[in-house]
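Data first, discussion second: the structure below is written as structure tokens.
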Amino acid sequence: MDTLTHLAENNETDSLEHPVCSDWNENPEGSTFHLAHILLVLGFMGGSGFYGLLYMFCFLTLGFFCYSIWSWSDPCTTDSFSWTFALFVFCLAQVVHVSYRLRRVTFEKEFQDLYDYMFKKLGVSLTQFGKIVECCDGDIHTIDKDHCFAMEGKTSIDKLSVLLSGRIRVTVNGEFLHYIHPFQFLDSPEWDSLRPSEEGCFQVTLRADNRCRYVAWRRKKLYLLFAQHRYIAKIFALLVRNDIAEKLFSLNDKAFDIRGFRYDLRLPSFCHGPEPEIENTSESRPVLEESETKPAERDS
35 MDTLTHLAEN
45 NETDSLEHPV
55 CSDWNENPEG
65 STFHLAHILL
75 VLGFMGGSGF
85 YGLLYMFCFL
95 TLGFFCYSIW
105 SWSDPCTTDS
115 FSWTFALFVF
125 CLAQVVHVSY
135 RLRRVTFEKE
145 FQDLYDYMFK
155 KLGVSLTQFG
165 KIVECCDGDI
175 HTIDKDHCFA
185 MEGKTSIDKL
195 SVLLSGRIRV
205 TVNGEFLHYI
215 HPFQFLDSPE
225 WDSLRPSEEG
235 CFQVTLRADN
245 RCRYVAWRRK
255 KLYLLFAQHR
265 YIAKIFALLV
275 RNDIAEKLFS
285 LNDKAFDIRG
295 FRYDLRLPSF
305 CHGPEPEIEN
315 TSESRPVLEE
325 SETKPAERDS
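The C-terminal position of the sequence shown is numbered 334 in the numbering used here, with every residue numbered one higher than the one before it.
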């Protein structure tokens, strides 16, 4: 009996020192509690990339904020309030950080169009594209109508360029080859034909049909970028070779020069002339007749 009385007294003192929050089990939680969990679920559904991170941390910030309000309203959840408020501050800091980084990698409209058309579909991130833009110093060049981007045998090959707007006419020896349209390289065959240490000149003339704008990367700076980022080097190699293939397919209508030679590629070293036709003259008949009668003589 003394033992039971002693245990009862201990339970009473413990209940007075550490009250039990029985309301947690009896009453359902308020709408703020449920809204917090819904926002957390939506936040954890965020994707990758800058916009995915921004989406995720925005919802997590709202979710933990609602959780903090719910914890503050209940005196039995002091620890919960401390943790949720700390997580709310952390997620809010991440939102500010990601927004700042996203603002830093925004570009002018022409560079953004270049990224969307050429680089985004290959999986190049905005951060990597930012390094590509830094390599060209963010400069966009202009060519007026009837001005030349390159002249045959005179302009040196010292850069790689992409047309952003306008149209460029490509000719060789005064004969038309093809057009270059926006988001095509201006000098991809020339770039691919030289090694990094070699020098050369254009074998074609590139003249603007109207006002054109383009972006250009200097050869040395671009190769330095390739040495630092091998992934970017592979992306440019793929883009350049694909551009060359498209230009070759555009040459289905062959261009002829004044001597009757036709060009199958942009580079003039790849050309051939018309095959000579064999005339069936009287002078060739004795040779043919002699070749036909010789087997008969051997048979006899």
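All C-beta atoms in this analysis are idealised placements derived from N, C-alpha and C, irrespective of residue type, glycine included.
**Message:** Am I right that Arg203 and Arg247 are in contact with their C-beta atoms under 8 Å? What's the rounded C-beta distance?
**Reply:** Numbered from its first residue, the sequence shown carries residue 203 at position 169. Numbered from its first residue, the sequence shown carries residue 247 at position 213. Actually they do not touch by this definition, with Cβ atoms about 16 Å apart.
**Item:** Member of Leu87, Ile166, Gly187, Asp147 whose CA lies at the smallest distance from the CA of Ser199
**Value:** Along the sequence shown, read from residue 1 onward, the residue named residue 199 stands at position 165. Nearest of Leu87, Ile166, Gly187, Asp147 to Ser199, Cα basis: Asp147.
**Message:** Check for me: the alpha helix (DSSP H) holding Ile177 runs from which residue to which?
**Reply:** For the purposes of this step, residue 177 is identified with residue 143 of the sequence shown, where counting begins at 1. Boundaries around Ile177 are those of the beta strand (DSSP E), 175-177, since no alpha helix (DSSP H) includes it.
**Request:** Take Ala184 and list the residues in its own chain whose beta-carbon comes closer than 6 Å to its own, dropping the five residues that flank it on each side.
**Result:** Sequence index remark: in the sequence shown, residue 184 carries index 150 (1-based). Hits under 6 Å: Phe236, Leu240.
**Inside the region 214-252 only - alpha helix (DSSP H) runs reaching at least 4 residues** = Considered as a whole, the region 214-252 harbours 222-227 as its complete alpha helix (DSSP H) runs of no fewer than 4 residues, in chain order.
**Item:** Cutoff 6 Å; reference Leu73; Cβ partners in own chain excluding five residues on either side
**Value:** Here residue 73 refers to the residue found at position 39 of the sequence shown. Close CB contacts of Leu73 within its chain, under the 6 Å cut and outside five residues either way in sequence, are with Phe93, Leu96, Gly97 (chain order).
**Prompt:** Relative to the C-alpha of Asn244, which residue among Glu168, Lys155, Thr176, Ile166 is closest?
**Reply:** Translated into the one-based positions of the sequence shown, residue 244 becomes position 210. Ranking the options by Cα distance to Asn244, first place goes to Thr176.
**Collapsed DSSP secondary structure at Arg199 in the structure displayed** = Taking the sequence shown and counting its residues from 1, the one referred to as residue 199 is at position 165. Residue identity check: residue 199 is Ser in the sequence provided, not Arg. The answer is strand: DSSP assigns Ser199 an E or B state.
**Cβ-Cβ distance between Glu186 and Val132 below 8 Å** = In the sequence shown, residue 186 corresponds to position 152, counting from 1. In the sequence shown, residue 132 corresponds to position 98, counting from 1. With contacts defined as CB atoms closer than 8 Å, Glu186 and Val132 fail to qualify as a contacting pair.
**Asked** Who are the Cβ neighbours of Asp277 in its own chain at under 8 Å, not counting the five residues just before and after it?
**Response** Numbered from its first residue, the sequence shown carries residue 277 at position 243. The beta carbon of Asp277 sits closer than 8 Å to the beta carbons of Gln218, Phe219, Ser222 from its chain, once the five residues preceding and following it are set aside; these are given in chain order.
**Message:** Tell me the rounded alpha-carbon separation between Gly86 and Ala70.
**Reply:** To locate residue 86, count along the sequence shown from 1; it is residue 52. To locate residue 70, count along the sequence shown from 1; it is residue 36. Spanning the two alpha carbons is a distance of roughly 20 Å.
**Message:** Using a Cβ-Cβ cutoff of less than 7 Å, which residues in the same chain neighbour Phe119 once the five nearest sequence positions on both sides are dropped?
**Reply:** Within the sequence shown, numbered from 1, the residue matching residue 119 stands at position 85. Cβ within range, chain order: Ser102.
**Item:** DSSP-derived helix/strand/coil call for Lys254
**Value:** Locating residue 254 in the sequence shown gives position 220, counting from the first residue. Lys254: helix per DSSP, three-state reduction.
**Asked** Is Lys165 closer than 8 Å to Arg253 when the C-beta atoms are compared?
**Response** Sequence index remark: in the sequence shown, residue 253 carries index 219 (1-based). Sequence index remark: in the sequence shown, residue 165 carries index 131 (1-based). Contact annotation: Arg253 and Lys165 have beta-carbon atoms that are not nearer than 8 Å.
**Item:** Alpha-carbon spacing of Leu88 relative to Leu228, whole angstroms
**Value:** The residue you call residue 88 lines up with position 54 of the sequence shown. The residue you call residue 228 lines up with position 194 of the sequence shown. Taking the Cα positions, Leu88 is about 44 Å away from Leu228.
**Item:** Assigned exposure category for Glu309 - 16 Cβ within 10 Å defines buried
**Value:** The count along the sequence shown starts at 1 and reaches residue 309 at position 275. Because Glu309 sits at a pLDDT of 43, beneath the cut-off of 50, its placement in the model cannot be relied upon, and the point is left open.
**Asked** In this structure, does DSSP put His68 in helix, strand or coil?
**Response** In the sequence shown, residue 68 corresponds to position 34, counting from 1. His68 falls in the helix class under three-state DSSP.
**Prompt:** Which value, in whole angstroms, describes the spacing of the CA atoms of Arg266 and Glu142?
**Reply:** Working through the sequence shown from its first residue, we reach residue 266 at position 232. Working through the sequence shown from its first residue, we reach residue 142 at position 108. One point to set straight first is that residue 266 is Ile, not Arg, in the sequence displayed. Cα to Cα, Ile266 sits roughly 21 Å from Glu142.
**Item:** For His215, the nearest candidate out of Thr205, Arg201, Glu224 (CA to CA)
**Value:** Your numbering for residue 215 matches position 181 in the sequence shown. Per the Cα distances, Arg201.
**Request:** Check whether the Cβ atoms of Trp225 and Ile191 sit closer than 8 Å, and answer yes or no.
**Result:** As a first step, residue 225 must be located in the sequence shown, where it is residue number 191. As a first step, residue 191 must be located in the sequence shown, where it is residue number 157. Yes, Cβ-Cβ distance for Trp225 and Ile191 is below 8 Å.
**Asked** Nearest-angstrom Cα distance between Asp173 and Phe99?
**Response** Position 139 of the sequence shown, counted from the first residue, corresponds to residue 173. Position 65 of the sequence shown, counted from the first residue, corresponds to residue 99. Distance between the alpha carbons of Asp173 and Phe99: 44 Å.
**Asked** Between the beta-carbon of Cys125 and the beta-carbon of Val249, is there less than 8 Å?
**Response** In the sequence shown, the residue the question calls residue 125 occupies position 91. In the sequence shown, the residue the question calls residue 249 occupies position 215. Between Cys125 and Val249, the C-beta gap is not smaller than 8 Å, which leaves the two residues out of contact.
**Request:** Verify whether the separation of the beta carbon atoms of Phe91 and Val129 is less than 8 Å.
**Result:** Locating residue 91 in the sequence shown gives position 57, counting from the first residue. Locating residue 129 in the sequence shown gives position 95, counting from the first residue. Their beta carbons are under 8 Å apart, which means Phe91 touches Val129 by this criterion.
**Asked** Going by the beta-carbon positions, is the gap between Ser105 and Ser114 smaller than 8 Å?
**Response** Position 71 of the sequence shown, counted from the first residue, corresponds to residue 105. Position 80 of the sequence shown, counted from the first residue, corresponds to residue 114. Closer than 8 Å, so yes.
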